[in-house]
Structure formats: structure tokens, C-alpha cells
Amino acid sequence: MSQQANIDSLTTILGQTFGLYVQTHGYHWNVEGPQFRQLHALFEEQYQNLWEALDEIAERIRCLGAYAPGTLSQLMALAGDTPAGAQSAEAMVEALIAAHGELAEQLREAIATAQEVGDEVSAGMLTDRLEWHEKEIWMMKASRA
């Protein structure tokens, strides 16, 4: 495993985090229904966390000597599938549970890659991100029970 594989992995995480940020912010704008206030606030907390994570991940890529993707087209190419647009509040929550789960799986792979090349700083940052995504999944699942 090479340092370039580690950088590529971080770059993928950056793009996927950007895609989830856009999806979550759109849901924040468009959610409606009896759970509006709760979900509007939840989605805002999530997109703010994701926005801050983008900076942290991009700066880590720079610390490793590479350029972080800096254009909308680059980020969207890395973001993965186009997220579902506005829909029912329940469908939004389900879509976000799935999206956080997909990103969590990518984070696990990225953590393993960072550890293989001895990049403990990236592994630690990614582990923190994984912990946050898993907690968000749990909270969203618990709120629908």
C-alpha cells in the first residue's frame, strides 16, 4: 500500500462527505410535516458538522503533500450517486441513514489504508468521523421507533 493510495482514499472520503453535505442541506431546506422542527434542526446540525469535516479532510490531504479537489465538478465526481431530492420526511431520514451507512463503510476502508501506510493522524481523524456517522445513524434510527 502506498501513500498515494492513502491520499486517494482521503480524497474519496472528501468527495463523499461533500455529497452527503449537499444532500443533508437540501433536506434541511425542504423537510416538512409533523416532525418539521425536530428534523429541520437535526439536518442543520448534521450539515454543519459535515461542512467542518470537509475543511479538516482537505487540510489533511494538503498535509500529505497533495492538492485537495477544489472545484464543484471535482467534488461532485467524487460524491458518488446523485442523492435523492426532496421527499417525505420519513424517506429523507431513511435516505440519510443509508448515506451515512455507505460513508461509514468507506471510512472503515480508508482507516485500514491509513493504518497500512503508518499514517496514524489520518487514521485517527477518520476514526473520529466514523464515530460521528455511527452515532448519527443510531440517533436517526432511534427517532423513528
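Using the numbering used here, the letters of the sequence shown map in sequence onto residues 1333 to 1477.
Cβ coordinates follow ideal geometry from the N, Cα and C atoms, glycine included.
Review point. When the Cβ atoms of the region 1391-1398 are set against those of the region 1425-1435, are three or more pairs found closer than 8 angstroms?
Key: no
Exercise for review: Report the three-state DSSP secondary structure of Y1399 (helix, strand or coil).
Suggested key: coil
Review point. Once you ignore the five residues that flank Q1355 on each side, which residues in its own chain have a CB closer than 8 angstroms to its CB?
Key: P1415, A1416, A1427, L1428, A1431
**Study point:** Among S1341, V1453, E1384, G1351, nearest to L1404 - alpha-carbon criterion
**Key:** G1351
Practice item. Report yes if the C-beta of L1342 is less than 7 angstroms from at least one heavy atom of the ligand ATP; otherwise report no. Key: As far as ligands go, the structure on display features none, and thus does not contain the ligand ATP.
Point to revise | Where the alpha helix (DSSP H) containing E1364 begins and where it ends | key: Unbroken run through E1364: none, as it is neither H nor E.
Check your understanding: Looking only at C-alpha atoms, which of G1365, W1383, I1389, L1346 sits nearest to A1423?
Key -> G1365
**Study point:** M1457, buried or exposed, once every other Cβ within 10 Å from all chains shown has been counted against 16
**Key:** buried
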